[in-house]
Amino acid sequence: MGMEIDTKQSQQTEIDPERQQQAREYARLRRRLSFISMGIAAIGIIFVFWSGLDTAMRDWLQFLTWQPIAGWYPWQVLVYFLVFMLAYEIITAPLAYFGGFVLPHRYGLSTMTLKSWLIDLCKGLVLGLILEALAVELIYLLLATQPQIWWLWVAVILLFFMVVMANLAPVLILPLFYKFTPLPEGELTRRLLALVERAHTRVSGVFTMHLSSKTTAANAALMGLGNTRRIVLGDTMLDRYTPDEIEVVLAHELGHHVHHDIWKLILSQAVLTLGGLYLLNLALHWVVETQHYYLSLSDVATMPTIFLLTAVFGLIVLPISNGLSRAIEYQADEYALQATKMVGAFKGAMTRLANQNLADIDPSPLVEFLFHDHPSVSKRLKHADEFAGRYELNASINAESVAPTSSIEPPGIPSRGSSTPDAAH
80 MGMEIDTKQS QQTEIDPERQ QQAREYARLR RRLSFISMGI AAIGIIFVFW SGLDTAMRDW
140 LQFLTWQPIA GWYPWQVLVY FLVFMLAYEI ITAPLAYFGG FVLPHRYGLS TMTLKSWLID
200 LCKGLVLGLI LEALAVELIY LLLATQPQIW WLWVAVILLF FMVVMANLAP VLILPLFYKF
260 TPLPEGELTR RLLALVERAH TRVSGVFTMH LSSKTTAANA ALMGLGNTRR IVLGDTMLDR
320 YTPDEIEVVL AHELGHHVHH DIWKLILSQA VLTLGGLYLL NLALHWVVET QHYYLSLSDV
380 ATMPTIFLLT AVFGLIVLPI SNGLSRAIEY QADEYALQAT KMVGAFKGAM TRLANQNLAD
440 IDPSPLVEFL FHDHPSVSKR LKHADEFAGR YELNASINAE SVAPTSSIEP PGIPSRGSST
500 PDAAH
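Basically the numbering used here = 1-based index in the sequence shown + 79.
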């Protein structure tokens with residue numbers, strides 16, 4: 080999509096019907112791809128069980144005999160894991176290409192070249208495989224050494240890992256994919272830091288996240304924990320939203336901090352993980368000790384069973400997790416409105432983001448219940464109107480919410496000329 084179209088869309092403060100049509104199409108296609116991917120995974124695991132490939136693979140790997148601890152064969156676990164995961168990645172590679180590269184370009188949501196997309200894909204694949212392999216090795220180590228309470232140990236270690244990752248992701252993981260630079264001093268920086276101070280918290284700085292090299296999406300976030308907490312603003316938002324709109328978006332993010340939402344989400348995920356691991360433990364003991372399908376709990380051939388049961392449990396609890404997230408997001412919106420009283424700016428930001436990011440503002444109740452971790456844009460706009468009525472505030476998107484042109488930048492932000500928009504909270 081051309082620059083003129085993107086700029087025009089970014090300046091709209093009313094929902095664009097044409098963009099909404101595209102948003103519904105885009106969301107529908109992405110859901111379809113997800114279902115196809117899940118179907119391929121299900122068929123693949125059924126084939127593994129039906130063909131006996133789960134135990135055959137184990138038998139083929141018997142030459143990997145290194146056993147640092149009785150019952151734990153780390154090389155067998157690693158090779159078994161890599162064979163199945165890489166096979167899945169290869170089979171679903173066309174879906175990944177279509178969903179990750181073709182579709183975003185078709186709908187004007189990507190600025191990446193095929194080369195840069197492939198580089199990011201490989202980075203993500205390698206990083207994911209490393210972390211997942213470590214998790215699988217940990218599970219099999221504990222299955223061998225703590226067969227009765229392995230699930231409890233795994234849950235505790237994963238909880239610790241989630242906390243560490245929340246702290247380190249902004250400084251170790253995200254810089255692998257995005258460039259970050261400090262936001263220049265100016266009125267906007269001062270306003271955002273003043274907002275942080277009113278929330279009685281501290282940040283290590285305000286940073287620009289250079290999204291425009293990959294996407295037309297706009298975003299803003301309060302990232303990190305403790306000494307790594309920082310304000311992050313996408314460059315695709317900085318020159319297309321008013322200071323009021325950026326401030327109210329950040330106020331939403333600060334609401335998560337004030338309400339301790341990161342900890343709520345971490346603990347809720349830990350509880351769900353604990354429950355899932357306990358059920359997995361019961362299932363493994365049943366298939367091994369009652370049905371005698373496998374040699375032992377730490378038999379590497381149990382891996383497809385673990386993958387299958389984990390995926391099924393994840394799908395079952397997804398609506399629960401999403402429901403909690405939507406409730407948290409509603410409270411963060413309420414905080415943003417309470418902290419700024421800028422109802423018009425809030426509605427302007429939500430409207431602009433919906434147009435820019437191809438967000439379906441009014442998905443079906445079932446789709447929202449099953450798949451959405453944020454309230455729909457229509458509900459967020461309705462919330463803002465209800466808030467305005469509650470406090471007798473002006474809810475109109477007035478002149479102050481009109482996006483700046485390329486010649487009128489928010490104070491403290493240099494003109495970016497050719498940057499284009501697209502994603503956000």
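Just so you know, even glycine gets a beta-carbon here, dropped at the ideal spot from N, CA and C. Computed from a predicted structure; not experimentally measured.
- Beta bridge pairing from DSSP links PRO261 with PHE286.
- As computed with DSSP, ALA212 is found in no beta bridge at all.
- With contacts defined by Cβ atoms closer than 7 Å, ASP340 and ILE399 do not form a contacting pair.
- For secondary structure counted as the alpha helix (DSSP H) over 4 or more consecutive residues, the segment 327-366 holds these complete runs in sequence order: 340-364.
- Secondary structure at MET421: coil, using DSSP grouped into helix, strand and coil.
- In this structure, THR294 and SER189 form a Cβ contact; the two beta carbons are roughly 6 Å apart against a cut-off of 8 Å.
- In this structure, ASN434 and ASP95 form a Cβ contact; the two beta carbons are roughly 5 Å apart against a cut-off of 8 Å.
- Here the alpha carbons of GLY131 and ASP378 stand approximately 14 Å from one another.
- In the three-state reduction of the DSSP assignment, SER189 falls in the strand class, which pools E and B.
- Around the beta carbon of ASN298, a 10 Å sphere encloses 16 or more other beta carbons of the protein chains shown; the residue is thus reported as buried.
- Within the same chain, LEU140, LEU143 and VAL379 come within 7 Å of GLN155 by CB-CB distance, once the 5 residues on both sides are set aside.
- By the Cβ neighbour-count rule, PHE163 is buried, with 16 or more other Cβ atoms within 10 Å of its own.
- Ranked by Cα distance from LYS458, the options LEU217, ILE124 and GLU413 are led by GLU413.
- Under the criterion of beta carbons closer than 8 Å, GLY284 and ASN246 do not qualify as touching, at roughly 16 Å.
- Annotation for LEU301: the continuous beta strand (DSSP E) segment containing it runs 299-302.
- In terms of CA proximity to TYR357, LEU222 leads the group LEU222, PRO173 and ALA172.
- Of the other Cβ atoms in all chains shown, 16 or more fall within 10 Å of the Cβ of TRP151; this residue is therefore buried.
- Approximately 7 Å separates the beta-carbon atoms of LEU397 and LEU449; this is inside 8 Å, confirming the contact.
- Counting along the chain, no beta strand (DSSP E) covers ILE115; the unbroken alpha helix (DSSP H) around it starts and ends at 96-130.
- The beta strand (DSSP E) runs of length 3 or more contained entirely in the segment 391-415 do not exist; there are none.
- In this model, ASN473 and LYS194 are separated by some 48 Å (Cα to Cα).
- Counting C-beta pairs closer than 8 Å gives fewer than three between the segment 347-357 and the segment 170-190, which falls short of the contact rule.
- Taking the C-beta atoms as reference points, PHE259 is found no nearer than 7 Å to PHE239.
- Ranked by how close their Cα comes to the Cα of HIS338, the residues ALA278, CYS201 and LEU213 have ALA278 in first place.
- Counting only unbroken stretches of 4 or more residues, the alpha helix (DSSP H) elements lying wholly within the segment 444-472 are 444-450 and 456-470, in sequence order.
- Per DSSP, reduced to three states, the secondary structure at THR315 is helical.
- Going by DSSP, THR268 is part of the alpha helix (DSSP H) stretching over 266-277.
- In this structure, the beta-carbon distance from THR315 to SER292 does not fall below 7 Å.
- Counting every other CB atom within 10 Å of its CB across the protein chains shown gives ASN360 a total of 16 or more, marking it as buried.
- Of all alpha-carbon atoms in VAL235, GLY123 and ARG109, the one lying nearest the alpha-carbon of PHE180 is that of ARG109.
- The Cβ-Cβ distance between ILE124 and PRO383 falls below 7 Å.
- DSSP places GLU168 in the uninterrupted alpha helix (DSSP H) bounded by 153-170.
- Relative to GLU324, the option among ILE440, GLN146, LEU432 and THR171 whose CA is nearest is LEU432.
- The beta carbon of GLY313 sits closer than 6 Å to the beta carbons of MET288, LEU290, ALA297 and ASN298 from its chain, once the five residues preceding and following it are set aside; these are given in chain order.
- Put simply, of LEU174, GLY305, TYR167 and GLU104 the residue whose alpha carbon is nearest the alpha carbon of LEU112 is LEU174.
- Residue burial is scored here from C-beta neighbours: ASP318 has at least 16 other C-beta atoms within 10 angstroms and is therefore classed as buried.
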